[in-house]
Amino acid sequence: MRERFAPSPTGLLHLGHAFSALTAWDCAQQSGAEFLLRIEDIDTQRSQPKFEVAIVDDLHWLGLDWQEAPVRQSERLDVYNSYLNTLIKNNICYPCRCSRHDIKEALRAPQESSADRGAQKSIYPGTCQQRYMSERTVGDAVRLNMKSAIDRLGGPRKIEKLGYWEGAGPRKWVPLRANNLLYHFGDVVLARKDIGTSYHLAVVVDDFDQQISHVTRGEDMSSSTAIHVLLQALLEFSTPIYRHHRLIRDENGQRLAKRDDARAIAKFRAQGVSPKGIRDLVGL
Ligand code: GLU
């Protein structure tokens, strides 16, 4: 059994991350699973080496440890690209040159096919759907054609046989829903034009390559899990058991953000709070 904690080094760890890391760590300890650290630094605009150093230091201070050297996503872009090519070969992808602005405009305009898309107004409107991968140029992202992906897996009925086990104690089976994938996510980006991959593709490839059997992460990630399970099926990967934990919120009920330095672990450390004190603060 293998668990992982996968922070993005875009800021200092705060109480929410500490809760997530400690929850994954405790689960690993209770089940005798190995624990791994993965640095999710593909967001080259926001990731900084100094935050990686601070994250490692805070995690060690909290009492966490890992046997294997941490994997850095920025060093694995060629691996993600080779799996992207597998998906491309399955004829379920297309190149997309739309900017955020183009997409906003297209969503504002009345769509011929809007009836087919149900009530969902924020998913990609399919402007580039008819383009072929052979037309891909440097400034293009790559999108998954969600309908073709579902068809490749046998269609909407078949897809509902896919899903994942959720939970730490008694487990619940969560089936994939074609309607959810089509109308909630639509044609998600698999490769951004700047980095050649995306969070969804990278996390699925890494969890597979690192043989992660249990994924513990915040409930803000739980909707993405459906996309991950779909990609796992398309790439013929096994699906881990998922546990989506509660989020640590501020006094206004907002989820803590990286910029929320008031709740940074470093700040508590400087004030003399102990690792046990951090556990108390997050209710562990
Ligand atoms: N890198 C993500 C984050 O820091 C977590 C991804 C995951 O656990 O799947 O929010």
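Position in the sequence shown (from 1) plus 111 gives the number in the numbering used here.
Quick reminder that beta carbons are idealized off the backbone N, C-alpha and C, glycines included.
Throw me the rounded Cβ distance for the Leu67 and Ile203 pair, which I believe falls under 8 Å. Residue numbering for the chain in the displayed model covers 112 to 395; residue 67 lies beyond these limits and cannot be assessed.
Can you tell me where the beta strand (DSSP E) holding Arg243 begins and where it ends? Checking the displayed sequence, the identity of residue 243 turns out to be Tyr instead of Arg. Neither: Tyr243 is in no beta strand (DSSP E) and is coded neither H nor E.
Just to check, is the beta-carbon of Arg303 closer than 7 Å to a non-hydrogen atom of the ligand GLU? no
Assess, as a yes-or-no matter, whether the region 307-323 is touched by the region 279-289 under the definition of 3 or more beta carbon pairs within less than 8 Å. no
Does Ala230 pass the burial test, meaning 16 or more other C-beta atoms within 10 Å, or should it be called exposed? Confidence in Ala230 is poor, its pLDDT being 45 and thus under 50, which makes the residue's placement unreliable; the coordinate value appears in the next sentence. Flag for Ala230 reads exposed.
Enumerate, from N- to C-terminal direction, the unbroken alpha helix (DSSP H) stretches of 4 or more residues contained entirely within the region 268-342. 310-320
Can Leu195 and Ala302 be called in contact, C-beta distance under 8 Å? yes
I'd like the list of long-range same chain contacts for Ala139, defined as Cβ closer than 6 Å, with 5 residues on each side in sequence excluded. Glu114 and Phe146
Please report how far the alpha carbon of Ala226 lies from the alpha carbon of Met332, in whole angstroms. Here Ala226 scores only 45 on pLDDT, less than 50, and its place in the model should not be relied on; the value that follows carries that caveat. Each residue's alpha carbon lies about 29 Å from the other.
Report whether the distance from the Cβ of Val314 to the nearest heavy atom of the ligand GLU is below 7 Å. yes
In chain order, what residues of the same chain lie with their CB nearer than 6 Å to the CB of Phe130, ignoring the 5 residues before and after it? Ile359 and Val393
Am I right that Val300 and Ala252 are in contact with their C-beta atoms under 8 Å? What's the rounded C-beta distance? 5 Å
Cα-Cα separation between Asn201 and Arg263, rounded to whole angstroms: 8 Å
The ligand GLU heavy atoms versus the CB of Ala117: any closer than 7 Å? yes
The alpha helix (DSSP H) that contains Cys138, what's its start and end? Leu126 to Ser142
Could you tell me whether the region 143-161 touches the region 348-366, using the rule of 3 or more Cβ pairs below 8 Å? no
Quick one: does the C-beta of Arg366 sit closer than 7 Å to a heavy atom of the ligand GLU? no
Ala313 to Asp213, Cα distance in whole Å? 26 Å
So, at 7 Å on beta carbons, what are the nonlocal neighbours of Arg183 in its own chain, with the 5 sequence-adjacent residues on each side left out? Ile150 and Asp152
Are the region 163-171 and the region 115-134 in contact at 8 Å, needing three or more beta carbon pairs? yes
Which residues does DSSP pair with Tyr205 in a beta bridge? Arg254
Would you check whether the ligand GLU has a heavy atom nearer than 7 Å to the C-beta of Glu151? yes
Could you name the residues that DSSP lists as bridge partners for Tyr484? Given a span of 112 to 395 for the chain in the structure shown, any question on residue 484 remains unanswerable.
Would you mind giving the Cβ-Cβ distance between Leu124 and Ala375, rounded to the nearest angstrom? I have them listed as a contact below 8 Å. 7 Å
Sheet register partners of Arg390 (DSSP bridge): According to DSSP, which records beta bridges pairwise, Arg390 is partnered with nothing at all.
Is Met257 near the ligand GLU - that is, is its Cβ less than 7 Å away from at least one heavy atom of it? no
According to DSSP, simplified to helix, strand and coil, what is Ala375? strand
What are the boundary residues of the beta strand (DSSP E) that Leu264 is part of? Here Leu264 belongs to no beta strand (DSSP E), and DSSP marks it neither H nor E.
Does the Cβ-Cβ distance between Arg243 and Gly297 come in under 8 Å? Note on residue identity: the sequence assigns Tyr, not Arg, to residue 243. It is not a contact, given that the beta carbons lie outside the stated cut-off.
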